[in-house]
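Under the numbering used here, the residues of the sequence shown are numbered 263 to 818, in order. Idealized CB from N, CA, C, for every residue including glycine. This structure is a prediction, so every number in the text was calculated from the model and none was measured.
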Amino acid sequence: MLRRLSIRDFVLVDRLELEFATGFGALTGETGAGKSILVDALAFVLGERADSGLLRSGAERMEVAAEFDGADGGHATDLAAWLRDNDFAPADAGEPLLLRRVLDGNGRSRAYINGSAATLQQLRQVAEWLVDIHGQHAHQSLLRHEVQRHLVDAHGGAGDLARQVASAWKSWRDAQSALEAAARGGEALRREREQLEWQVQELEALGFSPEEWSELNQEHRRLSHAASLLEGAQFSLGLLSEGEEACEARIGAVASRLEDLSEYDPALAEVLALVQSAQAELGEGVSALRRYGDRVDLDPQRLREVEGRLEGVISLARKYRVTPEGLPDLLAESQARLQALGDAANLEVLESRAQAAAAHYRELAQGLSLARQTAAQDLSAAVSASMQELALGGGRFQVALVPQEEGSASGLEQVEFRIAGLAGNEPRPLAKVASGGELSRISLAIQVVTSRQASVPTLIFDEVDVGIGGGVAEVVGRLLHRLGEERQVLCVTHLPQVAARADWQWQVAKSRSGETVTSRVSVLDKSGRVEEIARMLGGVEITATTRRHAKELLEG
Numbered sequence: 263m264l265r266r267l268s269i270r271d272f273v274l275v276d277r278l279e280l281e282f283a284t285g286f287g288a289l290t291g292e293t294g295a296g297k298s299i300l301v302d303a304l305a306f307v308l309g310e311r312a313d314s315g316l317l318r319s320g321a322e323r324m325e326v327a328a329e330f331d332g333a334d335g336g337h338a339t340d341l342a343a344w345l346r347d348n349d350f351a352p353a354d355a356g357e358p359l360l361l362r363r364v365l366d367g368n369g370r371s372r373a374y375i376n377g378s379a380a381t382l383q384q385l386r387q388v389a390e391w392l393v394d395i396h397g398q399h400a401h402q403s404l405l406r407h408e409v410q411r412h413l414v415d416a417h418g419g420a421g422d423l424a425r426q427v428a429s430a431w432k433s434w435r436d437a438q439s440a441l442e443a444a445a446r447g448g449e450a451l452r453r454e455r456e457q458l459e460w461q462v463q464e465l466e467a468l469g470f471s472p473e474e475w476s477e478l479n480q481e482h483r484r485l486s487h488a489a490s491l492l493e494g495a496q497f498s499l500g501l502l503s504e505g506e507e508a509c510e511a512r513i514g515a516v517a518s519r520l521e522d523l524s525e526y527d528p529a530l531a532e533v534l535a536l537v538q539s540a541q542a543e544l545g546e547g548v549s550a551l552r553r554y555g556d557r558v559d560l561d562p563q564r565l566r567e568v569e570g571r572l573e574g575v576i577s578l579a580r581k582y583r584v585t586p587e588g589l590p591d592l593l594a595e596s597q598a599r600l601q602a603l604g605d606a607a608n609l610e611v612l613e614s615r616a617q618a619a620a621a622h623y624r625e626l627a628q629g630l631s632l633a634r635q636t637a638a639q640d641l642s643a644a645v646s647a648s649m650q651e652l653a654l655g656g657g658r659f660q661v662a663l664v665p666q667e668e669g670s671a672s673g674l675e676q677v678e679f680r681i682a683g684l685a686g687n688e689p690r691p692l693a694k695v696a697s698g699g700e701l702s703r704i705s706l707a708i709q710v711v712t713s714r715q716a717s718v719p720t721l722i723f724d725e726v727d728v729g730i731g732g733g734v735a736e737v738v739g740r741l742l743h744r745l746g747e748e749r750q751v752l753c754v755t756h757l758p759q760v761a762a763r764a765d766w767q768w769q770v771a772k773s774r775s776g777e778t779v780t781s782r783v784s785v786l787d788k789s790g791r792v793e794e795i796a797r798m799l800g801g802v803e804i805t806a807t808t809r810r811h812a813k814e815l816l817e818g
């Protein structure tokens with residue numbers, strides 16, 4: 263549930279801190295006061311697209327933050343798991359969920375979930391568990407078939423299955439396209455396959471690995487410089503140990519002399535120890551040089567073999583325009599492509615794959631059709647019943663499932679909302695039989711019914727009661743109040759009959775300071791609600807009669 267909303271420099275709002283209550287709340291105010299700005303601000307922090315035009319004039323950046331109860335909603339477990347998987351989980355269980363979004367004058371946006379940087383896509387994913395916003399133009403989008411289909415699928419809990427059907431459709435079409443391409447391009451595929459077979463054979467015959475390339479280069483350097491290495495080792499041995507003036511003998515003489523002298527002055531003992539250590543290390547170096555000299559061998563034959571191997575690798579790398587180290591990767595890619603071409607050339611394999619993909623699609627799509635049939639019956643009955651309350655007596659709502667023989671990414675049928683009884687007995691498409699006012703009421707009935715089935719804890723209705731008045735408005739108020747008993751509901755409304763049914767009410771008004779115009783929100787107490795509803799009833803001049811009528815509405 264939405265607990266707090268903080269707004270900074272958003273359109274006409276400079277600074278605003280709001281705390282939300284449970285139940286049904288109404289947001290009212292004069293036309294142009296900025297009632298829908300709060301809804302827009304909430305949509306902004308939930309990931310809706312925005313630009314710097316929303317920034318309050320003269321401000322450098324705007325910021326909106328929203329706090330939600332972390333444990334609310336029917337999908338609380340799924341939300342908690344998503345937060346953990348994306349490293350957004352709060353430090354302590356039961357802590358609120360905090361969303362924040364900032365936009366600067368250059369249009370750069372930054373978003374945060376529980377204090378950690380987030381993407382707009384992640385904000386939108388979180389929003390699906392938290393808030394459902396019904397805009398004032400929802401009745402217009404309701405005429406689109408895709409919107410109708412999504413509503414039915416959501417009502418029947420078949421949203422995931424619908425996405426699986428769309429994925430299976432794509433797999434089927436891809437498999438069918440591969441089959442048709444193979445049938446058309448058989449000769450070209452045969453030539454490519456022959457070229458790849460020869461290339462793979464040549465690379466496999468080379469038997470080359472990246473490790474061998476390093477080893478070959480190292481061995482080549484050693485063999486090509488073998489004479490210099492052997493000469494250097496012998497020269498070093500001569501100076502260190504084998505010549506008349508060898509270092510080893512001289513250091514030995516120094517150590518012997520210091521050992522004799524240290525008997526007279528112990529201070530020389532430390533120097534003697536250092537010289538003896540150098541003598542020992544020199545001896546080890548001499549031994550290592552002798553062993554190295556024994557291993558170094560002049561081997562012209564092996565040098566020619568290594569050079570030949572290097573030339574072969576370099577030549578093949580140049581031929582295929584890759585580095586020597588890239589030859590193994592080229593082999594793997596060629597083998598994979600050859601395998602794919604082998605499958606592509608096999609029409610029987612491709613046809614079998616296409617048939618399997620088609621069967622998988624049909625199986626999923628038929629399951630979706632069954633779910634839609636159940637959802638369509640339930641939604642038709644519930645909306646029809648709600649229509650009777652909204653002065654659409656005699657009208658009957660029907661969710662028609664029009665079969666599509668070949669199917670599509672959306673399934674085996676097209677979903678179409680139809681109305682009977684308003685303009686004839688036969689059900690006809692919604693767009694052809696409903697007037698603007700009727701369409702608005704039907705839209706409201708559908709939204710209320712579908713919202714009852716949803717698990718989102720907070721519902722926002724932004725002037726969805728446009729075109730409604732009189733006794734129907736009272737019914738709308740009762741419907742929203744009833745919905746508020748199950749979850750948190752906020753309605754932006756201009757109808758006093760709707761506002762009077764709210765559990766709590768806010769008033770939005772404009773204020774001017776010099777050249778600056780801002781919107782402010784007031785929390786109304788009982789007397790304040792009487793005044794506001796009286797204004798909504800009577801306009802600018804409020805009389806005792808309108809106040810009395812307002813009080814009756816609130817107490818009714």
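Nearest C-alpha to residue 791 among 816, 620, 626 and 783: 816. Rounded to the nearest whole angstrom, the C-alpha separation of residue 459 and residue 443 is 21 Å. In the pairwise beta carbon analysis, the region 630-646 is classified as not touching the region 369-378: fewer than three pairs are separated by under 8 Å. The alpha carbon of residue 639 has as its nearest neighbour, out of 662, 603, 628 and 652, the alpha carbon of 662.
Counting along the chain, residue 407 sits inside no beta strand (DSSP E); it lies in the alpha helix (DSSP H) bounded by residues 407-417.
Counting other Cβ atoms within 10 Å of its Cβ, residue 415 reaches 16 or more and is therefore classed as buried.
For residue 683, the CB contacts under 6 Å within the same chain, skipping 5 residues up- and downstream, are 656, 657 and 658 in chain order.
In terms of Cβ geometry, residue 660 and residue 642 form a close pair [threshold 8 Å].
Contact check for residue 392 against residue 718 passes: the beta carbons are separated by less than 8 Å.
In its chain, beyond the 5 residues on either side, 281 and 329 have a beta carbon closer than 6 Å to the beta carbon of residue 266.
Sequence-distant Cβ neighbours of residue 514 in its own chain, meaning closer than 8 Å and more than five residues away, are 541.
Put simply, the backbone Cα of residue 474 is about 54 Å away from that of residue 309. Only residues of its own chain outside the window of five on either side were considered, and among them 428 and 431 have a CB closer than 6 Å to the CB of residue 671, listed in chain order. The alpha-carbon separation between residue 387 and residue 306 amounts to approximately 14 Å.
Cβ contact annotation for residue 633 (same chain, cutoff 6 Å, sequence separation greater than five): 418 and 420, in chain order. Residue 286 and residue 746 do touch by the CB rule: their CB atoms are close to 3 Å apart, below 8 Å. When DSSP reads this structure, residue 582 sits in no beta bridge, so it has no partner. The region 270-281 makes no contact with the region 743-760, as fewer than three CB pairs between them are under 8 Å. At a cut-off of 3 residues, the continuous stretches assigned as beta strand (DSSP E) that sit fully inside the region 687-767 are 720-724 and 750-754. Here DSSP, grouped into helix, strand and coil, assigns residue 527 to coil. The beta carbon of residue 627 sits closer than 7 Å to the beta carbons of 427, 669, 673 and 674 from its chain, once the five residues preceding and following it are set aside; these are given in chain order. In the displayed model, residue 318 falls within coil according to three-state DSSP, outside both helix and strand.
Of the residues assessed, residue 700 falls on the buried side of the cut-off, its CB having 16 or more other CB atoms within 10 angstroms.
Distance from the CA atom of residue 679 to the CA atom of residue 707, rounded to whole angstroms, is 13 Å. When rounded, the separation of the alpha-carbon atoms in residue 621 and residue 423 is 16 Å.
The C-alpha of residue 523 lies about 9 Å from the C-alpha of residue 531. Taking a C-beta distance under 8 Å as the contact criterion, residue 734 and residue 653 qualify as a contact pair. In the three-state scheme derived from DSSP, where H, G and I count as helix and E and B as strand, residue 804 is classed as coil. Taking a C-beta distance under 8 Å as the contact criterion, residue 575 and residue 468 qualify as a contact pair. Boundaries of the alpha helix (DSSP H) harbouring residue 649: 609-651, taken from the DSSP string. When DSSP states are grouped into helix, strand and coil, residue 290 belongs to the strand group. Between the alpha carbons of residue 691 and residue 625 lies a gap of roughly 29 Å. Straight-line spacing of the CA atoms in residue 709 and residue 396 works out to 8 Å.
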